[in-house]
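In our numbering, the protein residues as written are 2 to 354.
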């Protein structure tokens with residue numbers, strides 16, 4: 002174990018060296034400015050040009066913090082109360098690519114899902130949890146085929162696709178909830194279609210989620226198709242997590258993926274480097290030399306969308322961990338203690354509130 006830790010430390014030092022070389026490239030500044038613009042559009046309040054920086058040291062443990070907006074119809078008093086009290090310990094985003102085979106229609110990755118379920122079952126009595134899962138191979142195919150994302154709800158084909166997409170994603174939700182219940186987790190499935198729109202989730206729905214968590218339940222939400230006026234929109238699980246991070250005030254947001262964390266390029270590419278830590282500052286990211294890829298039928302943005310949402314959440318003061326589903330790093334984040342040997346910590350340089 003000691004020799005393994007030594008090798009890991011050497012590997013991290015090598016990663017730090019290679020990352021400094023990556024960040025020295027002028028084009029990284031352009032990427033950071035694009036990231037800044039994306040976050041500003043998400044309401045992160047970014048307004049200044051970014052400058053080149055070197056990466057900070059890797060994390061040693063999982064932290065806690067604040068959050069950002071995404072609730073409509075919530076009074077200021079209730080918002081402050083939520084921030085003071087906190088309504089969950091860990092907000093878990095279970096990636097669709099982690100628990101399904103995204104290249105095969107409605108196919109589960111049974112082994113990975115079982116590992117995740119066991120970990121949640123091991124901590125749910127001592128940790129207040131809310132779970133949000135992606136759709137993976139459930140829903141994306143239908144949404145792509147029928148043009149559900151941004152489609153007109155006056156178009157019969159889009160309406161049909163909307164219905165088929167929802168039937169598929171709710172099927173996955175039922176499978177995950179059933180698996181949790183079999184492991185004695187008091188999971189309750191919730192569909193965002195009923196209480197989300199372009200402005201976010203309703204205040205009433207937030208109170209429902211808080212009430213469930215307070216009574217020992219584990220709410221399980223999912224990526225969904227929602228109606229926004231006369232248009233249909235694909236609401237990603239990542240966006241749901243970003244909205245809930247503001248009102249639930251979790252100690253940490255945990256993104257469970259099919260890879261160990263965030264890399265500087267797709268992990269399958271030669272020379273891909275796991276980035277142990279990304280710090281978000283008011284004028285951008287300090288570590289943005291990242292390339293992305295996603296499946297052709299993925300209508301939610303793939304890993305790029307996850308990183309952008311994670312950065313926005315961290316900017317609000319809530320630490321985000323990206324780890325492989327079922328890994329030791331995932332369990333560390335769920336428990337809220339221990340060393341984060343693998344995975345990526347996305348954090349903010351802003352003072353904690």
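Cβ coordinates follow ideal geometry from the N, Cα and C atoms, glycine included.
- Taking all protein chains in view, the Cβ of residue 155 is surrounded by fewer than 16 other Cβ atoms within 10 Å, so the residue is classified as exposed.
- The region 89 to 106 makes contact with the region 235 to 250; the number of CB pairs closer than 8 Å reaches 3 or more.
- Beta-bridge analysis with DSSP links residue 220 to 189.
- Taking the Cβ atoms as the reference, residue 224 lies roughly 19 Å from residue 324, outside the contact range of under 8 Å.
- A residue is called buried when at least 16 other Cβ atoms come within 10 angstroms of its Cβ; residue 175 does not meet this threshold and is exposed.
- Per DSSP, reduced to three states, the secondary structure at residue 273 is coil, with no helix or strand assignment.
- Residue 215 counts as exposed, since fewer than 16 other C-beta atoms from the protein chains shown sit within 10 angstroms of its C-beta.
- Around the beta carbon of residue 206, a 10 Å sphere encloses 16 or more other beta carbons of the protein chains shown; the residue is thus reported as buried.
- Per DSSP, residue 179 is one residue of the alpha helix (DSSP H) stretching across 157 to 183.
- Each of 244, 123, 119, 138 was checked against the Cα of residue 105, and the nearest Cα belongs to 138.
- Looking only at 249, 183, 200, 244, the smallest Cα-Cα distance to residue 213 is reached by 249.
- In the structure shown, the three-state DSSP call for residue 113 is helix.
- If you look at residue 130, you'll find it in the beta strand (DSSP E) that goes 130 to 134.
- In the DSSP assignment, residue 226 forms a beta bridge with 235.
- Straight through space, the alpha carbons of residue 158 and residue 260 are spaced by roughly 36 Å.
- The region 142 to 149 makes no contact with the region 193 to 209: fewer than 3 CB pairs, one atom from each, lie closer than 8 Å.
- Residue 342 and residue 141 have their alpha carbons spaced roughly 33 Å apart.
- Listed as beta-bridge partners of residue 94 by DSSP are 133, 256.
- Judged by their CB atoms, residue 222 and residue 93 are not nearer to each other than the 8 Å cut-off.
- Under the criterion of beta carbons closer than 8 Å, residue 181 and residue 121 qualify as touching, at roughly 7 Å.
- With respect to residue 264, residue 275 sits close: the two C-beta atoms are nearer than 8 Å.
- Among the bridge pairs identified by DSSP, residue 280 is matched with 348.
- Annotation: residue 138 is outside any alpha helix (DSSP H) and is labelled neither H nor E by DSSP.
- Excluding its 5 nearest sequence neighbours in each direction, residue 187 has C-beta neighbours in its own chain below 7 Å: 217, 218, 219, listed in chain order.
- Between residue 90 and residue 128, the C-beta gap is smaller than 8 Å, which places the two residues in contact.
- Here the alpha carbons of residue 330 and residue 344 stand approximately 6 Å from one another.
- Within the model, the alpha-carbon separation for residue 165 versus residue 350 is close to 43 Å.
- In this structure, residue 170 places its C-beta atom within 8 Å of the C-beta atom of residue 136.
- Burial is judged here by how many other beta carbons sit within 10 angstroms of a residue's own beta carbon; residue 199 has fewer than 16 and is exposed.
- The C-alpha of residue 328 lies about 15 Å from the C-alpha of residue 111.
- One thing to note: residue 326 has its Cβ within 8 Å of the Cβ of residue 113.
- Around the C-beta of residue 202, 16 or more other C-beta atoms lie within 10 Å, and the residue is accordingly described as buried.
- Taking the C-beta atoms as reference points, residue 322 is found no nearer than 8 Å to residue 245.
- Taking C-alpha positions only, residue 347 is separated from residue 316 by approximately 9 Å.
- Sequence-distant Cβ neighbours of residue 117 in its own chain, meaning closer than 8 Å and more than five residues away, are 95, 99, 100, 257, 326, 327, 331.
- Contact check for residue 253 against residue 334 passes: the beta carbons are separated by less than 8 Å.
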